[in-house]
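Student: In the numbering used here, the protein residues as written are 1 to 245.
Glycine residues also receive a C-beta, built at the ideal position from the N, C-alpha and C atoms.
Have a look at the structure that comes next, please.
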(Lines of atoms letter the chains of each structure in order from A and count residues from 1; the text may use other names and numbers.)
(Lines give C-alpha, C1' and ligand atoms only; values in the text may rest on other atoms or scores of the structure.)
Protein backbone atom coordinates (compact mmCIF):
# COMPACT_ATOMS: atom_id res chain seq x y z
CA UNK A 1 0.00 0.00 0.00
CA UNK A 2 1.18 3.58 -0.63
CA UNK A 3 3.24 5.14 2.16
CA UNK A 4 2.14 7.71 4.73
CA UNK A 5 3.58 10.68 2.83
CA UNK A 6 1.46 9.85 -0.22
CA UNK A 7 -1.73 9.96 1.88
CA UNK A 8 -0.62 13.04 3.85
CA UNK A 9 -0.39 14.97 0.59
CA UNK A 10 -3.53 13.46 -0.92
CA UNK A 11 -5.68 14.08 2.17
CA UNK A 12 -5.41 17.87 1.82
CA UNK A 13 -7.75 18.03 -1.17
CA UNK A 14 -9.35 14.59 -1.05
CA UNK A 15 -12.87 15.89 -0.43
CA UNK A 16 -12.59 18.18 -3.46
CA UNK A 17 -12.45 15.15 -5.75
CA UNK A 18 -15.79 14.88 -7.53
CA UNK A 19 -15.80 11.06 -7.64
CA UNK A 20 -15.66 10.70 -3.84
CA UNK A 21 -19.11 12.28 -3.55
CA UNK A 22 -20.67 10.94 -6.78
CA UNK A 23 -24.25 10.29 -5.61
CA UNK A 24 -24.99 7.70 -8.29
CA UNK A 25 -21.97 5.61 -7.32
CA UNK A 26 -22.84 5.74 -3.62
CA UNK A 27 -26.50 4.91 -4.28
CA UNK A 28 -25.57 1.96 -6.49
CA UNK A 29 -23.37 0.52 -3.75
CA UNK A 30 -26.17 0.97 -1.21
CA UNK A 31 -28.70 -0.64 -3.55
CA UNK A 32 -26.74 -3.84 -4.21
CA UNK A 33 -25.44 -4.25 -0.64
CA UNK A 34 -28.88 -4.86 0.87
CA UNK A 35 -28.02 -3.28 4.20
CA UNK A 36 -30.22 -4.01 7.21
CA UNK A 37 -30.89 -2.10 10.42
CA UNK A 38 -29.40 -5.12 12.22
CA UNK A 39 -26.08 -4.92 10.36
CA UNK A 40 -22.72 -4.11 11.90
CA UNK A 41 -20.53 -2.79 9.06
CA UNK A 42 -16.78 -2.40 8.60
CA UNK A 43 -15.80 0.22 6.01
CA UNK A 44 -12.15 -0.43 5.12
CA UNK A 45 -10.05 2.31 3.58
CA UNK A 46 -12.73 4.69 4.82
CA UNK A 47 -10.64 7.79 4.02
CA UNK A 48 -12.62 10.85 5.10
CA UNK A 49 -15.75 8.76 5.62
CA UNK A 50 -17.99 9.51 2.63
CA UNK A 51 -18.95 5.86 2.22
CA UNK A 52 -19.40 5.32 5.96
CA UNK A 53 -21.66 8.37 6.25
CA UNK A 54 -23.79 7.09 3.35
CA UNK A 55 -24.16 3.67 4.98
CA UNK A 56 -24.82 4.88 8.54
CA UNK A 57 -28.60 5.65 8.25
CA UNK A 58 -29.30 2.16 6.90
CA UNK A 59 -27.56 -0.02 9.50
CA UNK A 60 -27.08 -0.59 13.23
CA UNK A 61 -23.52 0.75 13.29
CA UNK A 62 -20.53 1.47 11.04
CA UNK A 63 -16.85 1.17 11.92
CA UNK A 64 -14.55 3.11 9.58
CA UNK A 65 -10.99 1.79 9.25
CA UNK A 66 -8.04 3.52 7.60
CA UNK A 67 -4.29 3.46 8.21
CA UNK A 68 -3.85 7.18 7.35
CA UNK A 69 -4.05 9.70 10.21
CA UNK A 70 -4.28 12.50 7.67
CA UNK A 71 -7.36 11.04 6.01
CA UNK A 72 -9.11 10.29 9.30
CA UNK A 73 -8.45 13.79 10.63
CA UNK A 74 -10.23 15.26 7.59
CA UNK A 75 -13.37 13.18 8.19
CA UNK A 76 -16.61 13.76 10.08
CA UNK A 77 -17.41 10.81 12.33
CA UNK A 78 -20.62 11.64 14.18
CA UNK A 79 -22.39 8.36 14.90
CA UNK A 80 -19.53 6.35 13.33
CA UNK A 81 -16.70 4.53 15.10
CA UNK A 82 -13.30 5.19 13.58
CA UNK A 83 -10.05 3.29 13.98
CA UNK A 84 -6.55 3.69 12.52
CA UNK A 85 -5.56 0.24 11.29
CA UNK A 86 -4.59 -1.81 8.24
CA UNK A 87 -6.97 -4.55 7.09
CA UNK A 88 -4.07 -6.97 6.53
CA UNK A 89 -3.31 -6.89 10.29
CA UNK A 90 -5.37 -8.52 13.06
CA UNK A 91 -7.48 -6.32 15.32
CA UNK A 92 -11.10 -7.45 15.64
CA UNK A 93 -12.49 -10.82 16.68
CA UNK A 94 -13.44 -13.12 13.82
CA UNK A 95 -17.10 -13.63 12.87
CA UNK A 96 -17.93 -10.07 14.01
CA UNK A 97 -19.28 -8.11 11.02
CA UNK A 98 -22.38 -8.62 8.90
CA UNK A 99 -20.88 -6.82 5.90
CA UNK A 100 -17.51 -5.35 4.95
CA UNK A 101 -17.24 -2.57 2.36
CA UNK A 102 -14.16 -1.40 0.47
CA UNK A 103 -14.72 1.40 -2.02
CA UNK A 104 -11.73 2.22 -4.24
CA UNK A 105 -9.22 0.80 -1.78
CA UNK A 106 -8.17 -2.71 -2.88
CA UNK A 107 -6.17 -1.41 -5.86
CA UNK A 108 -3.86 0.22 -3.29
CA UNK A 109 -3.03 -3.12 -1.64
CA UNK A 110 0.18 -3.96 -3.46
CA UNK A 111 1.32 -6.79 -1.18
CA UNK A 112 -0.65 -9.56 0.50
CA UNK A 113 -3.86 -9.04 -1.46
CA UNK A 114 -4.95 -12.60 -0.68
CA UNK A 115 -4.28 -11.89 2.98
CA UNK A 116 -6.60 -8.87 2.83
CA UNK A 117 -9.38 -10.97 1.30
CA UNK A 118 -8.85 -13.68 3.90
CA UNK A 119 -8.94 -11.17 6.76
CA UNK A 120 -12.28 -9.93 5.43
CA UNK A 121 -13.52 -13.51 5.16
CA UNK A 122 -12.52 -14.29 8.74
CA UNK A 123 -14.11 -11.11 10.13
CA UNK A 124 -17.48 -11.81 8.53
CA UNK A 125 -20.29 -13.76 10.18
CA UNK A 126 -21.75 -16.75 8.37
CA UNK A 127 -23.82 -15.43 5.44
CA UNK A 128 -21.91 -12.14 5.74
CA UNK A 129 -20.98 -10.23 2.60
CA UNK A 130 -17.88 -8.50 1.25
CA UNK A 131 -18.66 -5.57 -1.06
CA UNK A 132 -15.80 -4.14 -3.12
CA UNK A 133 -16.15 -1.19 -5.50
CA UNK A 134 -13.29 -0.62 -7.95
CA UNK A 135 -12.54 1.28 -11.13
CA UNK A 136 -11.51 -0.79 -14.14
CA UNK A 137 -10.25 0.01 -17.67
CA UNK A 138 -13.04 1.21 -19.97
CA UNK A 139 -12.56 -1.75 -22.31
CA UNK A 140 -11.21 -5.30 -22.20
CA UNK A 141 -9.17 -4.57 -25.32
CA UNK A 142 -5.53 -5.18 -24.34
CA UNK A 143 -4.37 -1.91 -25.94
CA UNK A 144 -6.79 0.02 -23.74
CA UNK A 145 -5.79 -1.94 -20.63
CA UNK A 146 -2.11 -1.26 -21.36
CA UNK A 147 -2.78 2.48 -21.83
CA UNK A 148 -4.79 2.61 -18.59
CA UNK A 149 -2.07 0.78 -16.65
CA UNK A 150 0.70 2.95 -18.09
CA UNK A 151 -1.20 6.16 -17.38
CA UNK A 152 -1.76 5.25 -13.74
CA UNK A 153 1.93 4.41 -13.26
CA UNK A 154 2.59 8.14 -13.54
CA UNK A 155 0.08 8.83 -10.76
CA UNK A 156 0.69 6.16 -8.12
CA UNK A 157 1.68 2.57 -7.46
CA UNK A 158 -1.53 0.55 -7.84
CA UNK A 159 -3.08 -2.59 -9.26
CA UNK A 160 -5.10 -2.73 -12.45
CA UNK A 161 -8.20 -4.84 -11.92
CA UNK A 162 -10.50 -6.40 -14.46
CA UNK A 163 -13.85 -8.07 -13.83
CA UNK A 164 -12.41 -11.58 -14.13
CA UNK A 165 -9.47 -10.82 -11.84
CA UNK A 166 -11.67 -9.40 -9.08
CA UNK A 167 -14.03 -12.36 -9.26
CA UNK A 168 -11.00 -14.67 -9.15
CA UNK A 169 -9.82 -13.18 -5.83
CA UNK A 170 -13.26 -13.53 -4.29
CA UNK A 171 -13.62 -17.19 -5.29
CA UNK A 172 -10.00 -18.08 -4.49
CA UNK A 173 -10.44 -16.82 -0.94
CA UNK A 174 -13.63 -18.66 -0.12
CA UNK A 175 -16.46 -16.37 -1.19
CA UNK A 176 -19.48 -17.83 -2.96
CA UNK A 177 -22.51 -16.54 -4.85
CA UNK A 178 -20.30 -13.77 -6.28
CA UNK A 179 -22.30 -11.11 -8.11
CA UNK A 180 -21.00 -8.31 -10.32
CA UNK A 181 -22.68 -4.94 -10.86
CA UNK A 182 -21.51 -2.14 -13.13
CA UNK A 183 -21.67 1.60 -12.63
CA UNK A 184 -20.57 4.07 -15.30
CA UNK A 185 -19.54 7.46 -13.96
CA UNK A 186 -20.44 9.92 -16.71
CA UNK A 187 -18.36 12.99 -17.49
CA UNK A 188 -15.62 12.24 -14.98
CA UNK A 189 -13.51 15.41 -14.83
CA UNK A 190 -9.85 14.51 -15.40
CA UNK A 191 -8.71 18.07 -14.66
CA UNK A 192 -10.41 18.06 -11.23
CA UNK A 193 -8.97 14.62 -10.54
CA UNK A 194 -5.43 15.78 -11.29
CA UNK A 195 -5.56 19.19 -9.57
CA UNK A 196 -6.67 17.52 -6.33
CA UNK A 197 -4.43 14.46 -6.66
CA UNK A 198 -1.45 15.75 -4.71
CA UNK A 199 0.76 15.34 -7.79
CA UNK A 200 3.21 18.03 -8.81
CA UNK A 201 2.22 20.16 -11.79
CA UNK A 202 4.64 18.42 -14.16
CA UNK A 203 3.01 15.03 -13.56
CA UNK A 204 -0.46 16.55 -13.77
CA UNK A 205 0.42 17.99 -17.18
CA UNK A 206 1.97 14.72 -18.33
CA UNK A 207 -1.14 12.70 -17.46
CA UNK A 208 -3.51 15.27 -18.95
CA UNK A 209 -1.50 15.29 -22.17
CA UNK A 210 -1.63 11.48 -22.25
CA UNK A 211 -5.42 11.79 -22.37
CA UNK A 212 -5.35 14.48 -25.06
CA UNK A 213 -2.90 12.40 -27.11
CA UNK A 214 -4.51 9.01 -26.57
CA UNK A 215 -5.36 6.79 -29.52
CA UNK A 216 -8.80 6.86 -31.12
CA UNK A 217 -9.46 3.46 -29.56
CA UNK A 218 -8.81 4.76 -26.04
CA UNK A 219 -10.80 7.95 -26.59
CA UNK A 220 -13.74 5.96 -27.97
CA UNK A 221 -13.65 3.52 -25.03
CA UNK A 222 -13.76 6.45 -22.62
CA UNK A 223 -16.29 8.46 -24.66
CA UNK A 224 -13.75 11.23 -24.18
CA UNK A 225 -14.71 14.86 -24.74
CA UNK A 226 -12.72 18.06 -24.33
CA UNK A 227 -14.71 21.16 -23.39
CA UNK A 228 -12.85 24.46 -22.85
CA UNK A 229 -9.66 22.58 -22.02
CA UNK A 230 -11.42 20.22 -19.60
CA UNK A 231 -11.11 16.50 -20.34
CA UNK A 232 -14.28 14.55 -19.58
CA UNK A 233 -14.50 10.76 -19.71
CA UNK A 234 -16.99 8.04 -18.80
CA UNK A 235 -15.33 5.69 -16.31
CA UNK A 236 -16.28 2.07 -15.64
CA UNK A 237 -16.67 0.92 -12.06
CA UNK A 238 -17.56 -2.51 -10.71
CA UNK A 239 -19.26 -3.44 -7.46
CA UNK A 240 -18.53 -7.06 -6.54
CA UNK A 241 -20.52 -8.78 -3.79
CA UNK A 242 -19.44 -12.12 -2.38
CA UNK A 243 -20.95 -14.17 0.45
CA UNK A 244 -19.33 -16.16 3.24
CA UNK A 245 -21.28 -19.40 3.54
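Where residue 145 and residue 154 are concerned, what is the direct C-alpha to C-alpha distance, given to the nearest angstrom?
Tutor: In the chain shown, residue 145 corresponds to position 145, counting from 1. In the chain shown, residue 154 corresponds to position 154, counting from 1. Each residue's Cα considered, the two are about 15 angstroms apart.
Student: Any idea which residues DSSP pairs residue 133 with across the strands?
Tutor: Translated into positions along the chain shown, residue 133 becomes position 133. Its beta-bridge partners are 103 and 239.
Student: State the start and end residues of the unbroken beta strand (DSSP E) segment that holds residue 194.
Tutor: By one-based count along the chain shown, residue 194 stands at place 194. It is not in any beta strand (DSSP E) - residue 194 instead sits in the alpha helix (DSSP H) that spans 190-195.
Student: Spell out a yes or no on whether the segment 25-36 and the segment 55-73 are touching, meaning 3 or more CB-CB pairs, one atom from each, closer than 8 angstroms.
Tutor: Yes: at least three Cβ pairs fall under 8 angstroms.
Student: For residue 63 versus residue 81, is the C-beta distance shorter than 8 angstroms?
Tutor: In the chain shown, residue 63 corresponds to position 63, counting from 1. In the chain shown, residue 81 corresponds to position 81, counting from 1. Taking 8 angstroms as the Cβ cut-off, residue 63 and residue 81 qualify as a contacting pair.
Student: Sort 76, 227 and 107 by Cα distance to residue 165 and report the nearest one.
Tutor: Sequence index remark: in the chain shown, residue 165 carries index 165 (1-based). Closest option to residue 165, Cα to Cα, is 107.
Student: Which ranges does the beta strand (DSSP E) cover as unbroken runs of at least 3 residues, wholly within the segment 59-83, from first to last along the chain?
Tutor: Listed in chain order, they are 61-66.
Student: Among all the DSSP beta bridges, which residues are the ones paired with residue 97?
Tutor: Translated into the one-based positions of the chain shown, residue 97 becomes position 97. Its beta-bridge partners are 124.
Student: Does the beta-carbon distance from residue 129 to residue 242 come in below 8 angstroms?
Tutor: The residue you call residue 129 lines up with position 129 of the chain shown. The residue you call residue 242 lines up with position 242 of the chain shown. Yes, these two residues count as a Cβ contact at 8 angstroms.
Student: Cα separation between residue 208 and residue 92?
Tutor: Sequence index remark: in the chain shown, residue 208 carries index 208 (1-based). Sequence index remark: in the chain shown, residue 92 carries index 92 (1-based). Taking the straight line from one Cα to the other gives about 42 angstroms.
Student: So what's residue 87 in DSSP terms, helix, strand or just coil?
Tutor: Position 87 of the chain shown holds residue 87. Of the three classes helix, strand and coil, the one that applies to residue 87 here is coil, per DSSP.
Student: List the residues that DSSP assigns as beta-bridge partners of residue 43.
Tutor: Locating residue 43 in the chain shown gives position 43, counting from the first residue. DSSP output for residue 43 lists 64 and 101 as bridge partner(s).
Student: How many whole angstroms separate the CB atoms of residue 105 and residue 49, which I take to be in contact at a CB cut-off of 8 angstroms?
Tutor: Locating residue 105 in the chain shown gives position 105, counting from the first residue. Locating residue 49 in the chain shown gives position 49, counting from the first residue. In fact, because the Cβ distance is near 13 angstroms, the residues do not count as touching under 8 angstroms.
Student: Classify residue 95 as buried or exposed, calling it buried when 16 or more other Cβ atoms lie within 10 Å of its own Cβ.
Tutor: Position 95 of the chain shown, counted from the first residue, corresponds to residue 95. Exposed, since its Cβ has fewer than 16 Cβ neighbours within 10 Å.
Student: From residue 158 to residue 101, what does the alpha carbon distance come to, in whole angstroms?
Tutor: Position 158 of the chain shown, counting from 1, holds the residue named residue 158. Position 101 of the chain shown, counting from 1, holds the residue named residue 101. Each residue's Cα considered, the two are about 19 angstroms apart.
Student: Please return the same chain residues whose Cβ sits closer than 6 angstroms to the Cβ of residue 131, not counting the five positions on each side in sequence.
Tutor: As a first step, residue 131 must be located in the chain shown, where it is residue number 131. Excluding positions up to five away in sequence, the list reads 33, 101 and 241.
Student: Do residue 195 and residue 212 come within 8 angstroms of each other at the CB atom, strictly closer than that value?
Tutor: Counted from its first residue, the chain shown places residue 212 at position 212. Counted from its first residue, the chain shown places residue 195 at position 195. No, these two residues do not count as a Cβ contact at 8 angstroms.
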